[in-house]
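Residue numbers (my numbering): 121 to 235.
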């Protein structure tokens, strides 16, 4: 059983910063990919950023240069540093862990950016 617990969401003004974290527990292979997705009201869930256990990263074009994903393999924790936030970044952010092609999701954390 894999569990993902997110923290760090909240309300911030445009131009501000937030840092999300997600701790994974349970039976987790050391070869995995962790990441963040988001879903805004009325829209489909979309990829924000991912990072492999080897440190390879991938970002959505909309967040490149503003968001940074990182991880602590020893603690099975992934972080998302979000800078220069925009109102269009408002969404529920979901932590994601992929192990042997199986997707696991956190419960989501709300990020609201006011203009």
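From the three backbone atoms N, C-alpha and C, an ideal C-beta is built for every residue, glycine too. Just so we're clear, the structure is a prediction, and the values are computed from it rather than from any experiment.
Looking only at C-alpha atoms, which of 229, 230, 215 sits nearest to residue 223? For this step, residue 223 is matched to residue 103 along the chain shown. Comparing Cα-Cα distances from residue 223 to each of 229, 230, 215, the minimum goes to 215.
If residue 153 sits next to residue 170, beta carbons under 8 angstroms apart, how far is it from one beta carbon to the other, in whole angstroms? One-based indexing of the chain shown puts residue 153 at position 33. One-based indexing of the chain shown puts residue 170 at position 50. Right, the Cβ-Cβ distance comes to about 6 angstroms (below 8 angstroms), so this counts as a contact.
State yes or no: is the C-beta of residue 127 within less than 8 angstroms of the C-beta of residue 197? On the chain shown, position 7 is the one that residue 127 refers to. On the chain shown, position 77 is the one that residue 197 refers to. Against a cut-off of 8 angstroms, the Cβ pair of residue 197 and residue 127 comes out as no contact.
Residue 203 in three-state terms, based on DSSP: Taking the first residue of the chain shown as 1, we reach residue 203 at position 83. In this structure, residue 203 counts as coil in the three-state DSSP scheme.
So is residue 135 buried or exposed if we call it buried at 16+ other beta carbons inside 10 Å? As a first step, residue 135 must be located in the chain shown, where it is residue number 15. That one is exposed.
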